[in-house]
Amino acid sequence: MTRFDRYLLRFFVKVLIILFISISGLTMVIDVFSNFTEFAQYGKEGGGIGQVLLEYYGARILAFFDRTNALFCLLAAVFSIAWLQRTNEMTALLAAGIPEQRVAKPLVFASLAIALLAAANRELMLPNYRDKLSR
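In the working numbering, the protein residues as written are 135 to 269.
As structure tokens, this is what we get:
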């Protein structure tokens, strides 16, 4: 793995994490505000609204990752390549004789690794939370 591969993977992972946190956070905020009365009622019964939100959204985050990981990988890869174009790093790489497929190879392998992580999440983690996800 070359230094450039590590640089591109680090950028890809940063973009992926930012996308996941921002979109899942936005989804949670919208859901909390639209169902606030139910959460407040369960909070009175179950030891506080924070505990109820943590239990409810802890399982929901795993399901959200399962549904959206492919889209986030695609967006992070597109953003990473576009960033290389914008900062003229792609021009320098192509001028050095590095083909475009070689530049995209670390992104493909990172996306495959995230797909494997999502499959493990779907097969190992989500079945443990099926009762909480059906509430």
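We treat Cβ as the ideally placed atom computed from N, Cα and C, and that holds for glycine.
In this text, all values refer to a predicted model and were calculated from it rather than measured experimentally.
Can you tell me where the alpha helix (DSSP H) holding residue i begins and where it ends?
i, result
"GLY180", "It is not in any alpha helix (DSSP H) - GLY180 carries neither H nor E in the DSSP assignment."
"ALA238", "234 to 254"
"MET224", "223 to 229"
Looking at the structure shown, is residue i part of a helix, part of a strand, or coil, going by DSSP?
i, result
"TYR157", "Residue identity check: residue 157 is Ile in the sequence provided, not Tyr. ILE157 falls in the helix class under three-state DSSP."
"SER268", "coil"
Is residue i near residue j, with beta carbons less than 7 Å apart?
i, j, result
"ASP200", "ASN255", "yes"
"ASP139", "PRO233", "no"
"MET162", "TYR191", "yes"
"ASN203", "ALA253", "no"
Is residue i buried or exposed, if buried means 16 or more other CB atoms sit within 10 Å of its CB?
i, result
"PHE146", "buried"
"PHE206", "buried"
"ALA272", "Look at the range of the chain in this structure, 135 to 269, and you will see that residue 272 is not part of it."
"ALA211", "buried"
If I measure Cβ to Cβ from residue i and keep anything under 8 Å in the same chain, skipping five residues before and after, which residues do I get?
i, result
"LEU142", "SER214, LEU218, VAL237, PRO240, LEU241"
Closer than 7 Å by C-beta to residue i: which residues in its own chain qualify, once you throw out the five before and the five after it? Chain order, please.
i, result
"LEU160", "none"
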